[in-house]
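Undergrad: The structure follows.
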């Protein structure tokens, strides 16, 4: 197998990572790249006061939304935010379809606690990487060490800058 085509886009809290990942996907689509993966978005229907505890996974290929986090009143009252594991299983199918559709690249927002602990989308990410499909994943700075362990140190670390991500992709594409 050739060198793995893995990039972690490291970002600090408050960095515009969602905008960067979305812009990167738009560039790929504009160039007719078969891009698959998951972006994240705060659902519009949530009360803005509670928007920090709500996340949708968005299928890059279809635009379908999967509600990953929706706070109950109890969670709101107790400052708890929990992931819906059934919905996470649904989101994992997005990455499995990337394999079936022979994606040119997979973009995933984000590597987090669940993946660090071996859950979440970790199996699907590893399956994509094992197929040597170029893979770009956003990685919070505080999870960088865990990401490097997850990838066995085989990935490239990129800063939260669109031109760096595009340059990396240009070196990977067929």
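In the numbering used here, the protein residues as written are 182 to 355.
The C-beta atom is built at its ideal place from N, Cα and C for all residues, glycine as well.
In this text the structure is predicted, and so the values were computed from the model without any measurement.
#1: From which residue to which residue does the alpha helix (DSSP H) around residue 295 run?
#2: Using DSSP with H/G/I as helix, E/B as strand and the rest coil, what is residue 182?
#3: Please report the distance separating the alpha-carbon of residue 277 from that of residue 219.
#4: Check whether the stretch 189-199 touches the stretch 318-333, counting contact only when three or more Cβ pairs, one atom from each stretch, lie closer than 8 Å.
#5: Out of 345, 281, 274, 255, state which residue places its alpha-carbon closest to the alpha-carbon of residue 302.
#6: Rounded to a whole number of angstroms, what is the C-alpha to C-alpha distance between residue 292 and residue 246?
#7: Have a look at residue 202 and residue 290 and give me their C-alpha separation to the nearest angstrom.
TA: Quick look at the numbers:
#1: Counted from its first residue, the chain shown places residue 295 at position 114. Note, residue 295: alpha helix (DSSP H), 294-297.
#2: For the purposes of this step, residue 182 is taken as residue 1 along the chain shown, with counting starting at 1. Since pLDDT at residue 182 reaches only 45, below the 50 mark, its modelled position is unreliable, and no value is offered.
#3: Here residue 277 refers to the residue found at position 96 when the chain shown is read from its first residue. Here residue 219 refers to the residue found at position 38 when the chain shown is read from its first residue. Roughly 12 Å between the two C-alpha positions.
#4: yes
#5: By one-based count along the chain shown, residue 302 stands at place 121. That would be 274, whose Cα lies nearest to the Cα of residue 302.
#6: Here the question's residue 292 lines up with position 111 in the chain shown. Here the question's residue 246 lines up with position 65 in the chain shown. Approximately 19 Å between the Cα atoms of the pair.
#7: Residue 202 sits at position 21 when you count from the first residue of the chain shown. Residue 290 sits at position 109 when you count from the first residue of the chain shown. Using only the alpha carbons, I get a separation of about 7 Å.
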